Amino acid sequence: MLHQLGEVFRKLGREESARTVLEAAYAKASGPEKSGIAITRALTPMSTEDRLLWLERADKTIPFVQTELNSTRAQILMDQGEFEKAVEPLTKVAEYYKSLPESATSLNNAGNKLRRLAVAGGENRHLIEGI
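Residue numbers for the sequence shown follow the numbering used here, so the first one is 9 and each next one is one higher.
Here it is, written out as structure tokens:
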């Protein structure tokens, strides 16, 4: 119940309330439910490091979690000016999104990740592919 309430707060843009409720839900949960709550909590981060913390608490066998971990780690590397090191995780992220069935969401996400890959790797072909 708390997980759903946290999700409602998140969708309404009430991120602070969502974080509070989701953290309470995580503390009370067990099993696979705990991983789902961690994923939802990662969607309301206070910082990139906070997002990474919550993603690391989720089930890392889930492809979406692996992708978001790579994306978040790449962002941290880029924030530190380590653009070349960010290319490998961003390539994995872009491949994940390109493998999904085409939809407005998957195409948007793939385009955004390819744009970040172009910035990190300095290759215009990723930018063109993202467009």
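Ideal placement from N, C-alpha and C gives every residue a C-beta, glycine not left out. All of these numbers come straight from a predicted model, not from anything done at the bench.
Note to self: Can you list, in chain order, the residues of its chain with a C-beta nearer than 8 Å to that of residue 114? Leave out the 5 residues immediately preceding and following it.
What the structure shows: Indexing the sequence shown from 1 puts residue 114 at position 106. These residues qualify, in order along the chain: 105 and 108.
Notebook entry, point to check: Helix, strand or coil: how does DSSP classify residue 86 here?
Noted result: Reading the sequence shown from its first residue, position 78 is the one you call residue 86. DSSP, reduced to helix, strand and coil, places residue 86 within a helical segment of the structure shown.
Checklist line | Spatial distance of residue 81 from residue 46 (CA atoms) | finding: Locating residue 81 in the sequence shown gives position 73, where the first residue counts as 1. Locating residue 46 in the sequence shown gives position 38, where the first residue counts as 1. Looking at the two C-alpha atoms, the distance is approximately 17 Å.
Item checked: Cβ-based neighbour list, residue 62, same chain, cut-off 8 Å, excluding 5 preceding and 5 following -> As a working note, residue 62 is residue 54 in the sequence shown. Result list for residue 62: 46, 47, 49, 50 and 53, in chain order.
Item checked: Contacting residues, own chain, Cβ-Cβ under 8 Å from residue 89 (five flanking each side not counted) -> By 1-based counting over the sequence shown, the position of residue 89 is 81. Excluding positions up to five away in sequence, the list is empty.
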